[in-house]
Amino acid sequence: MADVRCPMCGKPNPPELGVCQFCQARLKPIKGGSPPESELPAPSQPSTSKVAPAEDVALPDWLQSLRQRQESLPEAAEPQEEVPDWLSNLRAPAEETPSAADDAVPDWLSGMSVDTPSHAEAAPAEPEQVFFSGEEPDWLSKISPSQPSEPTEILAQVSPGEAESNLAETLPEESPIQNEEETPEWLKGLAEEPGGAAGQTGLTNWEQEGQLEAPGVSPETQDELPDWMAGILARQATGTEPAHTRPEIPLAALGAAALTKSAGEPSAPVQESQPKGVEPFSSKEGLLAELGALDTGELPAWLAGITPLEAEKQEPVPQAAHAESGLALSDELPSWLEAMRPVESAAVLVAMPDLSHETIESAGPLSGLRGVLPAEAGVAQGQKTPVYSIKLQVSETNQANAALIEQMIKTEGQARPILRRSVITTQRILRIGIAVVLILAVLWPLVTGGPQASLPGFTPETYAANQLIEGLRAGAPVLLAFDYQPGLSGEMDAAAAGVIDHLMVKGAYLTVISTASTGPAQAERLLAIVNQGGQHNFTSPDQYTDLGFIPGGPTGLLSFAQSPRQAMPLALDGNSPWQASPLQDVTAVKDFALTIVITDNPDDARAWVEQVGPALENQPLTMVISAQAEPMVRPYVESNPPQIRGLVIGLSGGASFEDLNGRKGFGQTYWNAFSLGLIAAVLLILVGGLVTAGSAVWARTKETEGEKKA
Amino acid sequence: MNLANLELVDLVGVLLGFVFTLFIFSYILGDNPLFRLALYIFIGVAAGYAVVMAWYNVIWPQLLLPLVTGSTSERLFLLFPLLLSGLLLMRISPRLAGWGSPVIAYLVGVGVATAIGGAVLGTLFPQVQASINLFDLNAANQNGSNLLLYMMDASVILVATITSLIFFHFGVKSRSVQAAQGPSANRGVVIESLAWVGQIFISITFGALFAGVYTAALTALVERIYSLVNLVQFLLPMFIPK
Numbered sequence: 013m014a015d016v017r018c019p020m021c022g023k024p025n026p027p028e029l030g031v032c033q034f035c036q037a038r039l040k041p042i043k044g045g046s047p048p049e050s051e052l053p054a055p056s057q058p059s060t061s062k063v064a065p066a067e068d069v070a071l072p073d074w075l076q077s078l079r080q081r082q083e084s085l086p087e088a089a090e091p092q093e094e095v096p097d098w099l100s101n102l103r104a105p106a107e108e109t110p111s112a113a114d115d116a117v118p119d120w121l122s123g124m125s126v127d128t129p130s131h132a133e134a135a136p137a138e139p140e141q142v143f144f145s146g147e148e149p150d151w152l153s154k155i156s157p158s159q160p161s162e163p164t165e166i167l168a169q170v171s172p173g174e175a176e177s178n179l180a181e182t183l184p185e186e187s188p189i190q191n192e193e194e195t196p197e198w199l200k201g202l203a204e205e206p207g208g209a210a211g212q213t214g215l216t217n218w219e220q221e222g223q224l225e226a227p228g229v230s231p232e233t234q235d236e237l238p239d240w241m242a243g244i245l246a247r248q249a250t251g252t253e254p255a256h257t258r259p260e261i262p263l264a265a266l267g268a269a270a271l272t273k274s275a276g277e278p279s280a281p282v283q284e285s286q287p288k289g290v291e292p293f294s295s296k297e298g299l300l301a302e303l304g305a306l307d308t309g310e311l312p313a314w315l316a317g318i319t320p321l322e323a324e325k326q327e328p329v330p331q332a333a334h335a336e337s338g339l340a341l342s343d344e345l346p347s348w349l350e351a352m353r354p355v356e357s358a359a360v361l362v363a364m365p366d367l368s369h370e371t372i373e374s375a376g377p378l379s380g381l382r383g384v385l386p387a388e389a390g391v392a393q394g395q396k397t398p399v400y401s402i403k404l405q406v407s408e409t410n411q412a413n414a415a416l417i418e419q420m421i422k423t424e425g426q427a428r429p430i431l432r433r434s435v436i437t438t439q440r441i442l443r444i445g446i447a448v449v450l451i452l453a454v455l456w457p458l459v460t461g462g463p464q465a466s467l468p469g470f471t472p473e474t475y476a477a478n479q480l481i482e483g484l485r486a487g488a489p490v491l492l493a494f495d496y497q498p499g500l501s502g503e504m505d506a507a508a509a510g511v512i513d514h515l516m517v518k519g520a521y522l523t524v525i526s527t528a529s530t531g532p533a534q535a536e537r538l539l540a541i542v543n544q545g546g547q548h549n550f551t552s553p554d555q556y557t558d559l560g561f562i563p564g565g566p567t568g569l570l571s572f573a574q575s576p577r578q579a580m581p582l583a584l585d586g587n588s589p590w591q592a593s594p595l596q597d598v599t600a601v602k603d604f605a606l607t608i609v610i611t612d613n614p615d616d617a618r619a620w621v622e623q624v625g626p627a628l629e630n631q632p633l634t635m636v637i638s639a640q641a642e643p644m645v646r647p648y649v650e651s652n653p654p655q656i657r658g659l660v661i662g663l664s665g666g667a668s669f670e671d672l673n674g675r676k677g678f679g680q681t682y683w684n685a686f687s688l689g690l691i692a693a694v695l696l697i698l699v700g701g702l703v704t705a706g707s708a709v710w711a712r713t714k715e716t717e718g719e720k721k722a
Numbered sequence: 004m005n006l007a008n009l010e011l012v013d014l015v016g017v018l019l020g021f022v023f024t025l026f027i028f029s030y031i032l033g034d035n036p037l038f039r040l041a042l043y044i045f046i047g048v049a050a051g052y053a054v055v056m057a058w059y060n061v062i063w064p065q066l067l068l069p070l071v072t073g074s075t076s077e078r079l080f081l082l083f084p085l086l087l088s089g090l091l092l093m094r095i096s097p098r099l100a101g102w103g104s105p106v107i108a109y110l111v112g113v114g115v116a117t118a119i120g121g122a123v124l125g126t127l128f129p130q131v132q133a134s135i136n137l138f139d140l141n142a143a144n145q146n147g148s149n150l151l152l153y154m155m156d157a158s159v160i161l162v163a164t165i166t167s168l169i170f171f172h173f174g175v176k177s178r179s180v181q182a183a184q185g186p187s188a189n190r191g192v193v194i195e196s197l198a199w200v201g202q203i204f205i206s207i208t209f210g211a212l213f214a215g216v217y218t219a220a221l222t223a224l225v226e227r228i229y230s231l232v233n234l235v236q237f238l239l240p241m242f243i244p245k
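So the sequences go chain by chain: F and Z.
Under my numbering, the first residue of the first sequence carries the number 13, and numbering increases by one thereafter.
Under my numbering, the first residue of the second sequence carries the number 4, and numbering increases by one thereafter.
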């Protein structure tokens, strides 16, 4: 026989085991009445045909083994080896100690065992009545051809002697049951009437019905019986049917029928006992515990409630009532057969699928079970959320960079120590030497007054500037812009002093303006110096007016060029110069007779050319510029037509302009010192260049010689 | 300048100028606190003077005073610069700096437009016309110049202008062409040659600028030494009895 797979864990187990050797689950159901309807045995019904192979698969092993033995040995009454554990446990002690069982069996049980053969003789007749009634229920009709005589076999497996011995073995010697003095009356009655009414009442209804209905088999229907049934009937008729082949009532059913049946409720005790018998998870120990309760000498409550009188009151049911309808017959089926009706689940004996490949549940209430479906696919298959480390992964390179940045930040907050340089260095000596040479070159002419250097000749643009001023009429408004920084006032004062002196000589009305914030102060200072040096008496606002500072750079210049009165409504002294003569006629920048810009910045000169120049129209624009701005301003002078009519450039231009006018000013005063200092500077440049070139040639020669030696 | 005619305030100014001149000259020996002191004082004085000039020369006479004494039209006209000035002052606070952005935008826009317009109309077109007119023989005849020298002068100016502009031609070719033809591949041989000529003129121009800067600095040195000598000559009789 194939291994039996555990319905719980799915592991294979030897067929002889009743409990799974792995999970201790019951392999074979205790209840015999829950197989499928097609597999339910008909009580004492002879087998007329073999069960289909498909049905064999669905049968439990123990049922299949019983049926096979029945088919092979239809008349065998020997107890089979493959019986349910609970039956074998009951039978085994009886076989081992039959004498002891006889001694220990109470009278009522012995009476039942005596009665049993007599009941068994009539038992085969009952299935015949059912079989031929033609009104049997559907489920029974399905069972009848496939389950020939399993109940009979089951009953045969438990002989009366075994049951008695089993009970006797479980009962203690001091059991009050053994003491006849303490034996209940109803038990005594059972013992005194072995074959009488007590024996009749000890049988179940269906057994009694079988006894009654057995003679009722007609010859017509007997012809349709199978051979084995016919043989049985023949033996019954002749009285040769062996007693041990008669179906015997299982002990449980027997006990239930004998001990619990009441007069008014013939089947209720059986039904109460059935749940215990079909409890799928009740263990063998549980059953033995129930039986062991008898050892205590105290009958259980359900057993104590049964009195002999109630048993005696049971009267045999008239068989005519059972013969009237199959439905009535089915209602009066024995309790154990009633429990086998297919109204219960038939899935208990369904072949278990192979679950060996399934995984075993490891957690939860279903732990240990195999092939358990997950509650929710997504939840069961879901994995634990991976835990990502929040710790910053810093590589060595990052650490090095971070350390470098940290070091840089630290060094930013620390005061750097000033490197001590040696007081005497070559560069410092050279710088001091050059300074001393230049200072001496400049200082010498200023202190001693010689040597005298010839004044520079005037340039065309300087001459043009002189002629433009020379052409001014007295009181002509002249716009004079002071747009140079104080740092270059030494040069610009020397260059512009001659021009301003010339303007004062001509008696022009000077309108001073500046795009630099320091311009008005520079203008006031230079006018004061020239006024003092040139023996002039120019005062504001009669001879000149200072409009002050024009904000906005080129934009302010453009605004002033378009509307001087609106751009500069007030003079620096707070008065309005536009109401008095000669500015009362000036409404635009072109109304000025001459515009002179004094600047050291080529950008300022360009701004005046670009923003104010177009507004001047044909009025001349003259500039006094620094020597450093000449290369940038000269294109406006060289252009054709020239955008700047006259140009005085630096100290040389001022000196030449003064020379043109025949007046001595700063230009001629500084010219000697400037000339000697310029010569010294040229000499220094030449010496420095020669030294540098000589050192380079000497180093190259030395290198060449070294290569030749090498 | 005759120091004897100066007032006391002017004389103090001359003395301060003498001291600060010596502080500045101390830089010949290297960076020192006296030089830094003079430098910081000049910067501070210049900034303070600029503020004073802005208040007395711009804000008060051109903005506030007209609002008080001006006509209604003048007052209404001055509300616009007053509003813009107030918005510009909000840039002092980082939270309100955004209010001054429109004013800055207005100033930048107006300044850029003014500069571009002036550069185009005041420099570019006149200089182009001047370069064209360099070869105007009628102008040469009117000036009475030697035509040969005039044409040479004009030719030099023309060549210097063209080659200097060519020097600032920044054409770049692909790396493959540069690798195959060398560094000169960015500009053709002709352009490269003309650029080299232009580089000469530019170098001469830079030399002239340096000479002008040196000349200006030397003039300032002469003026400062002259002031020192003049002051010493003025003060020396006071300490040396005749």
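Glycine included, C-beta positions come from ideal geometry on N, C-alpha and C.
No experiment lies behind these values; they were computed from the predicted model shown.
Interface residues of chain F around Z/I228 at Cβ under 8 Å?
By Cβ distance, chain F contributes I451, V454, L455, L458, A685.
For the 8 Å Cβ check, are there 3 or more pairs between the region 569-580 of chain F and the region 538-548 of chain F?
Short answer: they don't touch.
Short of 7 Å in beta carbon distance, which residues of its chain neighbour F/E715, apart from the five on each side in sequence? Order them along the chain.
Contacts found: none.
Roughly how many whole angstroms lie between the Cα atoms of Z/L197 and Z/A163?
Cα to Cα, the separation comes out at about 10 Å.
Reducing DSSP to helix, strand and coil, say where Z/V54 ends up.
In the structure shown, Z/V54 sits in a helix (DSSP, three-state: H, G or I).
Per DSSP, F/T557 is paired with what?
DSSP lists F/T523 as partners of F/T557.
Where does Z/I203 land, buried or exposed, given buried means 16+ other C-beta within 10 angstroms?
By the neighbour-count rule (16 or more Cβ atoms within 10 Å), Z/I203 is not buried but exposed.
For Z/F23, decide whether its Cβ has a neighbour in chain F, counting only Cβ atoms nearer than 8 Å.
No, no contact with chain F.
Have a look at F/E670 and Z/N146 and give me their C-alpha separation to the nearest angstrom.
Looking at the two C-alpha atoms, the distance is approximately 26 Å.
Could you confirm whether any beta carbon from chain Z is found closer than 8 Å to the beta carbon of F/R618?
For F/R618, the answer is yes, since a Cβ of chain Z falls inside 8 Å of its Cβ.
Going along the chain, which residues of its own chain have a beta-carbon closer than 6 Å to the beta-carbon of Z/S167, five neighbours each way excluded?
Taken in chain order, the residues that qualify are G201, F204, I205.
Alpha carbon to alpha carbon, how far is Z/S177 from Z/E195?
Near 17 Å, if we compare the C-alpha coordinates of Z/E195 and Z/S177.
At 4 residues or longer, what runs of the alpha helix (DSSP H) sit wholly inside the region 22-92 of chain Z?
36-57, 68-72, 75-92, all fully within the region 22-92 of chain Z.
Could you tell me whether the Cβ of Z/N35 comes closer than 8 Å to any Cβ of chain F?
Closer than 8 Å: no.
Using the beta-carbon of each residue, which ones in chain F are nearer than 7 Å to Z/P129?
S651, Q655, listed in chain order.
On a Cα-Cα basis, can you pick out the residue from Z/V17, Z/V48, Z/L66, Z/L18 that is closest to F/P581?
Of Z/V17, Z/V48, Z/L66, Z/L18, the residue nearest in Cα terms is Z/L66.
Look at the alpha carbon of F/V399 and the alpha carbon of F/Q405, and state the distance between them as a whole number of angstroms.
Each residue's Cα considered, the two are about 15 Å apart.
Would you mind telling me which residues of chain Z sit closer than 8 Å to F/F470, beta carbon to beta carbon, in chain order?
By Cβ distance, chain Z contributes nothing, its closest Cβ being about 17 Å from F/F470, past 8 Å.
Decide yes or no for the touch test of the region 691-706 of chain F against the region 470-484 of chain F: beta carbon pairs closer than 8 Å, at least 3 of them.
Verdict: no, contact absent.
Taking a cut of 8 Å between CB atoms, which residues from the region 595-628 of chain F lie near chain Z?
Hits within the stretch, in order: D612, R618, A619, V621, E622, Q623, G625, P626.
Look up F/T611 in the DSSP assignment and give the residues it is bridged to.
DSSP output for F/T611 lists F/D495, F/I637 as bridge partner(s).
Please confirm whether Z/T166 has its beta-carbon closer than 8 Å to some beta-carbon of chain F.
Chain F, which has no Cβ nearer than 8 Å to the Cβ of Z/T166, makes this no.
Going by other Cβ atoms of all chains shown within 10 Å of its Cβ, with 16 needed for buried, is F/S347 buried or exposed?
Its Cβ being crowded by 16 or more others within 10 Å, F/S347 is buried.
Under the rule that 16 or more other beta-carbon atoms within 10 Å means buried, what is F/P259, buried or exposed?
Per-residue confidence for F/P259 stands at a pLDDT of 46, beneath the threshold of 50, marking its modelled position as unreliable; the derived number appears in the next sentence. The residue is buried, with at least 16 neighbouring Cβ atoms inside 10 Å.
Output yes if chain F places a C-beta closer than 8 Å to the C-beta of Z/V159; else output no.
By this cut-off, Z/V159 is not an interface position.
Let's see if you can read the secondary structure: which residues bound the beta strand (DSSP E) around Z/I169?
Unbroken run through Z/I169 is the alpha helix (DSSP H), 150-170; no beta strand (DSSP E).
So that I know if they touch, is there some Cβ in chain Z lying closer than 8 Å to that of F/S575?
Not closer than 8 Å to any Cβ of chain Z, the Cβ of F/S575 fails to qualify, so no.
If the cut is a Cβ gap below 7 Å, which residues of chain Z does F/S552 touch?
Those within 7 Å of F/S552 in chain Z number zero; the least Cβ separation is about 15 Å.
Could you spell out where the alpha helix (DSSP H) holding F/L659 opens and where it closes?
Here F/L659 belongs to no alpha helix (DSSP H); instead the beta strand (DSSP E) covers 658-661.
Rounded C-beta distance between F/A486 and F/K518? I'm assuming under 8 Å.
Correct: roughly 7 Å between the Cβ atoms.
What is the residue span of the alpha helix (DSSP H) that Z/T222 lies within?
First-last of the alpha helix (DSSP H) with Z/T222: 192-242.
Is there at least one Cβ from chain F nearer than 8 Å to Z/L152's Cβ?
No, Z/L152 lies away from the interface with chain F (no Cβ there is under 8 Å from its Cβ).
Using a Cβ cut-off of 8 Å (strictly closer), state whether Z/L40 contacts chain F.
Judged by the 8 Å Cβ criterion, Z/L40 is not in contact with chain F.
Given a cut-off of 8 Å, decide if Z/A219 and F/A639 are closer than it, judged by their beta-carbon atoms.
Their beta carbons are under 8 Å apart, which means F/A639 touches Z/A219 by this criterion.
Output needed for F/L672: all residues of its chain with C-beta closer than 6 Å, excluding positions within five of it in sequence on either side, in chain order.
Answer for F/L672: F470, N478, listed in chain order.
List the residues of chain B whose Cβ lies closer than 8 Å to the Cβ of F/P643, in chain order.
Reference to chain B is not applicable here, since the protein chains of this structure are F and Z.
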